[in-house]
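Trainee:
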Amino acid sequence: MERQFLNTQKTTRPRSIDELRDISWRLSRQIIDITTKASSGHPSSSLSAIDILVALYFGGIMNYDPSQPNWSDRDRFILSKGHGAPGLYVTLAEAGFFDPDLLPTFRKLGSPLEGHPNMRVLPGVEASTGSLGQGLSIGLGHALAARVDGRSYRVYVMIGDGEADEGQIWEAGMAAAKYKVDNLTVLLDHNKYQQTGPVSEVMPALFPIVDKWRAFGWFVEELNGHNMEEVMSTLKKVQDIKDQPQMLICHTLKGKGLSPFEKDDVNRKHGVPLTEEEATIALAELDKQYGRSGGGD
Amino acid sequence: MDLGKQIGLKDGPATRDAFGKSLTEIGRENRNLVVIDGDVSNSTRTEEFGVEFPERFFNVGIAESNLVGVASGLALAGKDALAASFAAFLLCNAYDQIRMSVAFPQANVKLVGSHSGISIGEDGPSQMAIEDIALATSFPNFTVLVPADAPSTRAATRAMFEQAGPFYLRTGRPKVPVIYEEDFDFKIGKANKLREGSDLTVIACGLMVAAALEAASDLEQKGIKTRVLDMHTVKPLDVESIELAARETGAIVTAEEHLLAGGLGSSIARVVAETHPVPMAFVAIQDRYAESGKPQELLEKYGLTAEHIRLAAEQVIRRKQR
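Chains as they are written, first to last, in my numbering: chain A, 3 to 299; chain B, -2 to 319.
Structural data, given as structure tokens:
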């Protein structure tokens, strides 16, 4: 079935690589900003994922309409690693699902921007996540529903590398291969650290991860999750894969290589926001990474 | 089993059989219905649906966590999704998936747990769900149905598709006596008064409803007039009927094929305590696991017969008179 790009909203207009990099820069700043203001949250886990989110939402990969968040034919993105909520929130605000003025209310009482995504209170959130391991099964359900209903939408699920410790991920992996769902793409944010240490130490048997997913019957590819050209070309390529779900092992940096995170060699400040002072340093480094100066907001 | 024989009730199909038949019928009318199975469809009786509608039936293997998650995704994408497995594995293995992927997002998932209680018999305690009502009723905004016989199971199966939101339907393995006529008035959240009485009320669910009717008949021989309520909806409870029973009969016995902790009895006790406190007694599985055996032997050994209800009734009436 041909994919129908009915949506002509400017929010889903495919952006150039330079434009995508510009959005990544601004959204990365916002991640640091809202978590530091909230004095809580998971900035490093959000920063590792942000370039992939930007490619999906603004590179013309996903088909969606922020004015109709429940549009039946929309492509779905599920953030299974729910602690990456700040990255999802800044992306959805940028895409027009809600007013960016809500961003500073992150984690505050009464705000729809809860610590972990709650689909019942915030438009654009496809699943309530935060208990790890569950988003892939939900994504598989959406993918199967497309088949039953004869729709051509695609489903994207982002999981963490630590999250792959969860048995349910592998249950869903087997079932997705059994049903040959080719409208399901998993982005594994391989940022190398989980809560108490490096993934390679906490659960060394997770590796070789590429071989494991291939053995499960998936199409697997590794890529640099911070290289926008590579992210974009891979996301475009997997749209043509037939009869196989796709696992993209995205090599990323937890905290995007910014020094306040890099200094922590246990877990790259997992679940720890930057102080005001650290944030100032991180933002300056971010500007330098992107060859920009001063804010951009 | 001897259940209901003494008062002339005839065995009908097991509630799991009634559910399975009803599911296929509903599937013919409702093309939006999809069924997800954890490789036990010939036990839960979703098999017939799967044979007739293979394109709307997914066997995800022996993997209850994924079973519930896939059902959630299908429901969130707009399908009427039903996931079935053994009650013990569904509720106990996938408790967090039900919490996070169904209850919290209020996904329109209908969960069906078969092989509930100890009346499954020989397979033993690992297969017996005796905690499932406690677990299912713990979720906010969940509806929990425990039908007593085949006609009420068919009615319950239909009713849960007429209302959006998460449901848990509990079915059983053995044949059970038929209590209701077909097409009787079944309303979610409304207990059925099966027998009027003024001395006490027995409130039961599942196969203990037939036992309650038997006990009421025995008690009548002794001049004790017993009201019997079938509380097929364990959540939300029919608070009005419970309060009325407390006020009008002054004593309540509950009966369920489930652990005492967190079951029908504890929920009713809470309502009675808050509305019109009266003496109560509880017929349920005490704080222990059962064992392998024949269904009838197990019900006798673990205290779930008409005789146990009768003894509880006499005890509660003595307390009422003090």
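By construction, the Cβ of each residue, glycine as well, lies at the ideal position given by its N, Cα and C atoms. A quick note: this is a predicted structure, and the numbers were derived from the prediction, not measured.
Can you tell me where the beta strand (DSSP E) holding Ala78(B) begins and where it ends?
Mentor: Its beta strand (DSSP E) spans residues Asp77 to Phe83.
Trainee: Helix, strand or coil: how does DSSP classify Ser26(A) here?
Mentor: In this structure, Ser26(A) counts as helix in the three-state DSSP scheme.
Trainee: With DSSP run on the structure shown, which of helix, strand or coil describes Asn9(A)?
Mentor: Legend: pLDDT at Asn9(A) = 44, less than 50; position of this residue unreliable, value from coordinates given subsequently. Coil, per DSSP.
Trainee: By the 8 angstroms beta-carbon criterion, what residues does the region 209 to 220 of chain B contribute toward chain A?
Mentor: Going along the region 209 to 220 of chain B in chain order, one finds no residue with a Cβ nearer than 8 angstroms to chain A.
Trainee: Measuring straight from C-alpha to C-alpha, what distance separates Val123(A) and Pro114(A)?
Mentor: Distance between the alpha carbons of Val123(A) and Pro114(A) is about 5 angstroms.
Trainee: Can a CB atom of chain B be found closer than 9 angstroms to the CB of Gln248(A)?
Mentor: Chain B contact via Cβ: absent.
Trainee: What in chain A is Cβ-close to Asp93(B), meaning under 7 angstroms?
Mentor: Correct list: Ser133.
Trainee: If Phe83(B) and Ala152(B) are in contact, beta carbons under 8 angstroms, what's the gap, nearest whole angstrom?
Mentor: That pair is no contact at about 23 angstroms.
Trainee: Taking just the CA atoms, how far does Arg76(A) sit from Arg5(A)?
Mentor: Interpretation of Arg5(A) is limited by its pLDDT of 46, a score under 50 that renders its predicted location unreliable; no figure is taken from the coordinates.
Trainee: If you count every other CB in all the chains shown that lies within 10 Å of the CB of Asp53(A), and 16 or more means buried, which is it?
Mentor: Flag for Asp53(A) reads buried.
Trainee: Within 9 angstroms (strictly less), CB to CB, does Tyr181(A) reach chain B?
Mentor: Yes, Tyr181(A) counts as interfacial toward chain B.
Trainee: Any C-beta of chain A within less than 7 angstroms: which residues of the region 48 to 70 of chain B qualify?
Mentor: Listed by position, the residues of the region 48 to 70 of chain B near chain A (Cβ gap below 7 angstroms) are Glu52, Arg53, Phe55, Val57, Gly58, Ala60, Ser62, Asn63, Gly66, Val67, Ala68, Ser69 and Gly70.
Trainee: Roughly how many angstroms separate the alpha carbons of Val127(A) and Asn120(A), rounded to a whole number?
Mentor: Looking at the two C-alpha atoms, the distance is approximately 7 angstroms.
Trainee: Residues in its own chain within less than 8 angstroms of Gly17(B) by CB, not counting five upstream and five downstream?
Mentor: If we look at Gly17(B) and ignore the five residues flanking it on each side, its Cβ neighbours are Thr41, Arg42, Thr43, Glu44, Glu45 and Phe46.
Trainee: Please confirm if Leu73(B) has its CB atom under 9 angstroms from at least one CB of chain A.
Mentor: Answer yes: the Cβ-Cβ gap between Leu73(B) and chain A drops below 9 angstroms somewhere.
Trainee: So, is the C-beta of His44(A) closer than 9 angstroms to a C-beta in chain B?
Mentor: No, His44(A) lies away from the interface with chain B (no Cβ there is under 9 angstroms from its Cβ).
Trainee: List the residues of chain B whose Cβ lies closer than 7 angstroms to the Cβ of Glu173(A), in chain order.
Mentor: Those within 7 angstroms of Glu173(A) in chain B are Ala60, Ser62 and Asn63.
Trainee: Let me check understanding here. Comparing Cα to Cα, which of Ser98(B), Gly259(B), Glu119(B) and Val99(B) lies closest to Ala281(B)?
Mentor: Among Ser98(B), Gly259(B), Glu119(B) and Val99(B), the Cα nearest to that of Ala281(B) belongs to Gly259(B).
Trainee: If we ignore side chains and look at the alpha-carbon of each, how far apart do Phe218(A) and Pro247(A) end up?
Mentor: If you take the alpha carbons of Phe218(A) and Pro247(A), they lie about 10 angstroms apart.
Trainee: Sort Pro206(A), Asp103(A), Ala179(A) and Leu288(A) by Cα distance to Val188(A) and report the nearest one.
Mentor: Among Pro206(A), Asp103(A), Ala179(A) and Leu288(A), the Cα nearest to that of Val188(A) is on Ala179(A).
Trainee: To the nearest angstrom, how far is it from the Cα of Ile171(A) to the Cα of Val175(B)?
Mentor: Ile171(A) and Val175(B): Cα-Cα distance of roughly 43 angstroms.
Trainee: Determine the contact status of Ile320(B) and Pro171(B), defining contact as a CB-CB distance below 9 angstroms.
Mentor: This structure cannot settle anything about residue 320(B), because the visible part of chain B is limited to -2 through 319.
Trainee: Measuring only the C-alpha atoms, how far is Asn269(A) from Ala147(A)?
Mentor: The alpha-carbon atoms of Asn269(A) and Ala147(A) are separated by roughly 38 angstroms.
Trainee: Could you work out which residue in Pro206(A), Val222(A) and Met205(A) is closest to Asp213(A) when comparing CA atoms only?
Mentor: Closest option to Asp213(A), Cα to Cα, is Val222(A).
Trainee: With a floor of 4 residues, list each alpha helix (DSSP H) that falls wholly inside the region 227 to 255 of chain B, ordered by position along the chain.
Mentor: Listed in chain order, they are 236 to 246.
Trainee: Just to confirm, is the Cβ distance from Val92(A) to Ile33(A) under 9 angstroms?
Mentor: Yes, these two residues count as a Cβ contact at 9 angstroms.
Trainee: Going by the DSSP bridge assignment, what does Ala398(B) pair with across the sheet?
Mentor: The structure shown has nothing for residue 398(B), since chain B only spans -2 to 319.
Trainee: Mind the definition here: the region 82 to 89 of chain A touches the region 131 to 141 of chain A only if three or more C-beta pairs lie below 8 angstroms; say whether that holds.
Mentor: Touching, yes, given that three or more Cβ pairs across the two stretches are closer than 8 angstroms.
Trainee: Does Ile63(A) come out as helix, strand or coil in the three-state DSSP assignment?
Mentor: Three-state DSSP puts Ile63(A) in coil, outside helix and strand.
Trainee: Please check if any C-beta of chain B sits within less than 9 angstroms of the C-beta of His253(A).
Mentor: Not an interface residue.
Trainee: Could you name the residues of chain A that Val31(B) contacts, counting a contact when the two beta carbons are closer than 7 angstroms?
Mentor: What Val31(B) touches in chain A: Val150.
Trainee: Apart from the five residues on each side of it in sequence, which residues of its chain come closer than 7 angstroms, Cβ to Cβ, to Leu29(A)?
Mentor: The answer, listed in chain order, is Ile52, Val56, Val92, Thr93 and Glu96.
Trainee: Report the three-state DSSP secondary structure of Ile36(A) (helix, strand or coil).
Mentor: Here Ile36(A) sits in helix by DSSP.
Trainee: I need the straight-line Cα distance from Arg15(A) to Gly61(A), nearest angstrom please.
Mentor: Roughly 7 angstroms between the two C-alpha positions.
Trainee: Check each candidate in Thr37(A), Gly135(A), Val159(A) and Phe99(A) and name the one with the smallest Cα separation from Phe108(A).
Mentor: Checked all of Thr37(A), Gly135(A), Val159(A) and Phe99(A); the closest Cα to Phe108(A) is Thr37(A).
Trainee: List in chain order: all unbroken alpha helix (DSSP H) runs of 4+ residues lying wholly within the region 54 to 108 of chain A.
Mentor: Whole alpha helix (DSSP H) segments, 4+ residues: 87 to 97.
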